[in-house]
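Following this note's numbering, the numbering of the sequence shown begins with -13 at its first residue and continues without gaps.
Even for Gly, the Cβ is constructed at its ideal location relative to N, Cα and C.
All figures in this text were calculated on a predicted structure; none of them were measured in a lab.
The structure appears right after this line, and notes come after that.
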Amino acid sequence: MLVTLERKEWENFDDEELFRAVILPTVHEMHSGEAPLNKFEVYKKLTLGQRAVFMFWVLYDHSDKEIDQFYTWIPYMRESEQSYWPELKAGVSTIGDEALLLFLNDCEKTFDLLKQVNQKHDPNWKDYFHSDLVKHPELRPYVRSLHLAFEKIVPTTISIIGNYIRNVPNEFVQIKE
């Protein structure tokens, strides 16, 4: 799904504006269908670059705002049957963001540790809930540290995405003169 942009927009957008311009139409299309199959069909039609940018959007949109949301979203992406985590890591490799890839590896290690802590408190524990951070405050510093690291990485990642889009515009846009 290529986005049509006026040449003036294309030339004047900063990295974040360009990132949003090329991904939000896909996000809206995904949300217009109720069935997960429809979302998967839309995803399959995306170019390699669009998939990479979309998967970053999924991470960014769901985990950038609040530490509690971050705490539940990262494990969801990792453990989901839809292969979100491998797709995210493949996308990050596609755009060449080494720092974000290292961050994702840190997330894996930290969330494996958090899982052990949760299971120590409750052997039947299975899912990450916001309430874990209240019931077990010792988890919060680990999650806060990762969340702060994520907030620091995001501007650089968006810059990398902007450069990637500009280097392979045919994967994202049709420029209207």
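Looking at the secondary structure, which residues open and close the beta strand (DSSP E) in which residue i lies?
| i | result |
| --- | --- |
| K162 | 159 to 162 |
Helix or strand or just coil, what does DSSP make of residue i?
| i | result |
| --- | --- |
| L(-12) | coil |
| W59 | helix |
| D108 | coil |
| E180 | Because the chain is modelled from -13 through 163, residue 180 falls outside the range shown and cannot be assessed. |
| T33 | coil |
| E67 | coil |
| V154 | coil |
Taking all protein chains shown into account, decide if residue i is buried (16 or more other Cβ within 10 angstroms of its Cβ) or exposed.
| i | result |
| --- | --- |
| D108 | exposed |
| L99 | exposed |
| L86 | buried |
| G35 | buried |
| D113 | exposed |
| G77 | buried |
| D47 | exposed |
| D1 | buried |
| T142 | exposed |
| L88 | exposed |
| V190 | Residue 190 lies beyond the range of the chain shown here (-13 to 163); nothing can be said about it. |
| S79 | exposed |
| N156 | exposed |
| S66 | exposed |
| S49 | buried |
The alpha helix (DSSP H) that contains residue i, what's its start and end?
| i | result |
| --- | --- |
| E124 | Segment: none, E124 is in no alpha helix (DSSP H) and carries neither H nor E. |
| G77 | 70 to 81 |
| E(-5) | -7 to -2 |
| F115 | Taken as a continuous stretch (DSSP letters only), F115 belongs to no alpha helix (DSSP H), as it is neither H nor E. |
Can you list, in chain order, the residues of its chain whose CB lies under 8 Å from that of residue i, leaving out five sequence neighbours each side?
| i | result |
| --- | --- |
| L74 | M41, F42, V44, L45, M63, L90 |
| Y128 | T96, L99, L100 |
| D164 | Absent from the structure is residue 164, since the part of the chain shown begins at -13 and ends at 163. |
| M(-13) | P11, T12, E15, V28, K31, L32, Q36 |
Keeping to the same chain, check which residues put their C-beta closer than 6 Å to that of residue i; ignore five residues upstream and five downstream.
| i | result |
| --- | --- |
| Y70 | M63 |
| F26 | none |
| K162 | T(-10), E(-8) |
Residues in the same chain with beta-carbon distance under 7 Å from residue i, minus the five sequence neighbours each way, listed in chain order, please.
| i | result |
| --- | --- |
| W(-4) | V159, I161 |
| F(-1) | A7 |
| I146 | I81, G82, D83 |
| Q111 | Inspection of the sequence shows that residue 111 is occupied by Trp rather than by Gln. Same-chain partners within the cutoff: N104, Q105. |
message = Counting beta carbon pairs with one atom in the segment -7 to 8 and one in the segment 141 to 154, are three or more of them shorter than 8 Å?
response = yes
How do the segment 49 to 59 and the segment 133 to 140 stand: do at least 3 beta-carbon pairs fall below 8 Å, yes or no?
-> Segments in contact, yes.
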